[in-house]
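The block underneath contains the structure these notes are about, expressed in structure tokens.
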Amino acid sequence: MTKPFNLPSCLTPQEVIALTTWTPTDPLALRNLCMIRLMVNAGLRSQEVLGVRLSDLNLDTGQLLVTRAKGRRQRVVWVNEDDLKLIRAWLPHRNMLVQDGHDELFVTRAGKPMHSRNLRKMVKSVALLVGIVRDVHPHMLRHTFATDLLRQTKNLRLTQKALGHAHIATTTIYTHIVDEELERAMKGLRG
Numbered sequence: 001m002t003k004p005f006n007l008p009s010c011l012t013p014q015e016v017i018a019l020t021t022w023t024p025t026d027p028l029a030l031r032n033l034c035m036i037r038l039m040v041n042a043g044l045r046s047q048e049v050l051g052v053r054l055s056d057l058n059l060d061t062g063q064l065l066v067t068r069a070k071g072r073r074q075r076v077v078w079v080n081e082d083d084l085k086l087i088r089a090w091l092p093h094r095n096m097l098v099q100d101g102h103d104e105l106f107v108t109r110a111g112k113p114m115h116s117r118n119l120r121k122m123v124k125s126v127a128l129l130v131g132i133v134r135d136v137h138p139h140m141l142r143h144t145f146a147t148d149l150l151r152q153t154k155n156l157r158l159t160q161k162a163l164g165h166a167h168i169a170t171t172t173i174y175t176h177i178v179d180e181e182l183e184r185a186m187k188g189l190r191g
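Each residue of the sequence shown is one higher than the last, beginning at 1 in UniProt numbering.
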């Protein structure tokens with residue numbers, strides 16, 4: 001018997017705006033905003049955003065080498081200028097926290113690398129803070145990125161490359177958005 005297939009849950013455009021435009025009130029809130037924006041704007045997985053090192057990110061070009069990708073594969077993604085500005089604002093705080101040479105971009109109050117359970121709790125609490133009451137988790141941000149990129153580009157291969165999927169079949173779960181657009185187009189064709 002085959003397991004039932006669930007389409008990935010995504011944020012609405014209004015939820016994306018709420019989750020990515022709130023004003024941080026302290027350095028750790030700024031860190032949190034940076035991490036959320038990298039997941040929703042660059043499609044990073046939890047372990048990838050937690051594993052970003054300073055040496056992986058070119059702050060001039062926005063090129064980010066994702067070295068802790070699934071399956072030990074590496075890929076390159078680009079960080080937009082607004083997100084780079086936030087990361088640059090976070091760096092002085094990060095540098096004051098780190099004391100034992102950690103290269104991770106995102107660290108705890110104690111200057112140590114973060115754990116995935118803390119990332120999940122942080123995403124959920126920020127979502128509640130900005131008024132999103134449903135269960136928001138880090139992978140939902142990646143699903144949102146993938147859905148939005150495919151909707152904008154209509155290019156499954158480009159979306160596959162951005163997500164770092166080894167097989168295009170993995171990326172096809174995001175074609176449900178194309179199906180929705182196809183339905184609207186066909187219903188409006190001669191009706």
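All C-beta atoms in this analysis are idealised placements derived from N, C-alpha and C, irrespective of residue type, glycine included.
{"Query": "Cβ-based neighbour list, residue 192, same chain, cut-off 8 angstroms, excluding 5 preceding and 5 following", "Result": "What is shown of the chain runs 1 to 191, which leaves residue 192 out entirely."}
{"Query": "Continuous beta strand (DSSP E) stretch holding leucine 54: start and end", "Result": "From DSSP, leucine 54 is part of no beta strand (DSSP E); its letter is neither H nor E."}
{"Query": "Opposing strand residues paired with glutamine 63 [DSSP bridges]", "Result": "Trp78"}
{"Query": "First and last residue of the uninterrupted alpha helix (DSSP H) at leucine 33", "Result": "27-42"}
{"Query": "Cutoff 8 angstroms; reference alanine 110; Cβ partners in own chain excluding five residues on either side", "Result": "Leu97"}
{"Query": "Beta-carbon proximity list for valine 49, same chain, < 6 angstroms, skipping 5 on both sides", "Result": "Met35, Leu38, Met39"}
{"Query": "Distance between beta carbons of histidine 143 and proline 8, contact taken as under 8 angstroms", "Result": "4 angstroms"}
{"Query": "Option nearest alanine 162 by Cα separation, candidates Leu19, Asp60, Gln74", "Result": "Gln74"}
{"Query": "Whole runs of the alpha helix (DSSP H) within the region 125-190, excluding any shorter than 4 residues", "Result": "138-153, 156-163, 168-171, 176-187"}
{"Query": "Outcome for threonine 23 when other beta-carbon atoms lying within 10 angstroms are tallied against a minimum of 16", "Result": "exposed"}
{"Query": "Distance CB(threonine 171)-CB(threonine 159) smaller than 8 angstroms", "Result": "yes"}
{"Query": "Beta-carbon proximity list for glutamine 99, same chain, < 8 angstroms, skipping 5 on both sides", "Result": "Gly111"}
{"Query": "Any chain B beta carbon closer than 8 angstroms to valine 130", "Result": "No chain B is part of this structure, which consists of one protein chain only."}
{"Query": "Beta-carbon separation (whole angstroms), aspartate 83 vs asparagine 32, contact threshold 8 angstroms", "Result": "So it is not a contact: roughly 13 angstroms between Cβ atoms."}
{"Query": "Option in Ala185, Ala29, Gly43 with minimal Cα separation from leucine 86", "Result": "Ala29"}
{"Query": "Buried versus exposed, by CB contacts within 10 Å (16 or more), alanine 166", "Result": "exposed"}
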